[in-house]
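Numbering (the working numbering), first residue to last: 711 to 1131.
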């Protein structure tokens, strides 16, 4: 049986970052990827997707993107970036190898890793499969309701969908970008949304990621158990722009509250649309307030932008919200669920998860000795799900593995007792 110190499961951004830091620590390891490096970026996203952060910021420290620093790289460029990075650091990645099971060894430290290419014994295992594992579709509309139902992970472009209107459920980054693309393609679009944060894309000449940095918001702790998946409406599409739901409505999109239920061909919606929009506006304006205060405090010469505080009047769909939609009457041919993902760690046979299947961990260090995670949302802070944040979380995990190796190598007292006997 092949043996190594550490097996890293997943060859995306988390796995490549992990490999870099393990190599710097001199720790023998293997990275196992069931497809190609960064495959999810290529085939698990829609065609027009771009990164939500500009190239100067959303990258690893030791390599820049080939595009302009202020541009938002398309998904193929992001995947190519990680392939090139893996080559740059000589990462020991084995592609086309699926990890089927990870089981703790009995009576000794380590794990047996069963793969499609045989078994490996490892002292440590790092699950670097990221947050986008199992598409989460709420059990609201039965499969035989009529319209095609699909998750955003299988959406590629407007031509893929059958004729008719589209109901997009989810007002986060994916939902709003897909909804606008469909509207621009001539589709009638209904967008159902819940509570969300709505930061400015840029303000007073600086991108949102810069403001999050100088205001210390990237280091914010998780808001609490069960609230790790904060919905954030931000877009890098078309060179990056602030998401404004009211402007989308004025262009023809119909906004709806949270999807609440389904009966006899009709979907019902919560009467919370106005409240959700107002709270999103409050979040938006609070960022502007903090940015203005920072500029004044530090005496920065950045241009004034009073028009950024102009909030459009509520459109008809907000003042007179639709609480029930007859799908057939509205001509809805597709329901597209942009409702996020759930974890799927069923291949790890260890008592290391809560009742929801979420890892029990501290900054990625599992309660199961020798098991680690990288790429979890809010793993250590707000920035953990982003490319640059994953790199820093991976460094912490590599440091923890090195620390545990030093403890495991300690023989002092036991050796002296043996020698004296």
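Backbone N, C-alpha and C define an ideal beta-carbon position, used for all residues, glycine too.
Per-residue burial, residue i [other beta carbons within 10 Å of its own, 16 or more giving buried]
| i | result |
| --- | --- |
| residue 1094 | buried |
| residue 1082 | buried |
| residue 936 | Confidence at residue 936 is low in this model, with a pLDDT of 49, below 50, so its placement is unreliable and the value that follows should be read with caution. Exposed, because fewer than 16 other Cβ atoms sit within 10 Å of the Cβ of residue 936. |
| residue 861 | buried |
| residue 1104 | buried |
| residue 1118 | exposed |
| residue 911 | buried |
| residue 853 | exposed |
| residue 929 | exposed |
Distance between residue j and residue i (C-alpha atoms, nearest Å)
| i | j | result |
| --- | --- | --- |
| residue 884 | residue 798 | 31 Å |
| residue 1022 | residue 957 | 7 Å |
| residue 810 | residue 745 | 14 Å |
| residue 753 | residue 779 | 25 Å |
| residue 1051 | residue 1121 | 45 Å |
| residue 945 | residue 920 | 15 Å |
| residue 863 | residue 948 | 21 Å |
| residue 783 | residue 1096 | 14 Å |
| residue 1012 | residue 925 | 16 Å |
| residue 1220 | residue 726 | Residue 1220 falls outside the range modelled here, since the chain spans only 711 to 1131, and no answer is possible. |
| residue 979 | residue 989 | 18 Å |
| residue 1089 | residue 1074 | 6 Å |
Cβ neighbours of residue i in the same chain (closer than 7 Å, five flanking residues each side left out)
| i | result |
| --- | --- |
| residue 927 | 1092 |
| residue 865 | 756, 888, 1046 |
Where the beta strand (DSSP E) through residue i begins and ends
| i | result |
| --- | --- |
| residue 843 | Note, residue 843: premise wrong, no beta strand (DSSP E); not H, not E. |
| residue 810 | 809–814 |
| residue 824 | 821–825 |
| residue 713 | 712–719 |
| residue 860 | 858–861 |
| residue 990 | Careful: residue 990 lies outside any beta strand (DSSP E), inside the alpha helix (DSSP H) at 983–1008. |
| residue 1043 | 1042–1047 |
| residue 833 | 828–837 |
| residue 971 | 969–973 |
Residue nearest to residue i in terms of C-alpha spacing, selected from the options
| i | options | result |
| --- | --- | --- |
| residue 1115 | 843, 1059, 736 | 736 |
| residue 1140 | 1101, 1043, 987, 822 | Residue 1140 lies beyond the range of the chain shown here (711 to 1131); nothing can be said about it. |
| residue 734 | 1006, 1107, 1050, 1120 | 1107 |
| residue 881 | 914, 941, 860, 896 | 941 |
| residue 868 | 763, 1050, 897, 922 | 897 |
| residue 971 | 961, 999, 1036 | 1036 |
| residue 1034 | 732, 967, 837 | 967 |
| residue 1029 | 851, 964, 833 | 964 |
| residue 907 | 715, 872, 955, 758 | 955 |
| residue 873 | 890, 895, 915, 855 | 895 |
| residue 855 | 1086, 1067, 1038 | 1038 |
| residue 773 | 983, 1090, 788, 795 | 795 |
| residue 952 | 1009, 991, 770, 982 | 991 |
| residue 1101 | 769, 738, 715, 987 | 769 |
Close beta carbons around residue i, own chain, < 6 Å, minus the five adjacent residues each side
| i | result |
| --- | --- |
| residue 814 | 821, 1060 |
| residue 730 | 799 |
First through last residue of the alpha helix (DSSP H) which encompasses residue i
| i | result |
| --- | --- |
| residue 789 | 785–798 |
| residue 900 | Not the alpha helix (DSSP H): residue 900 falls in the beta strand (DSSP E), residues 899–902. |
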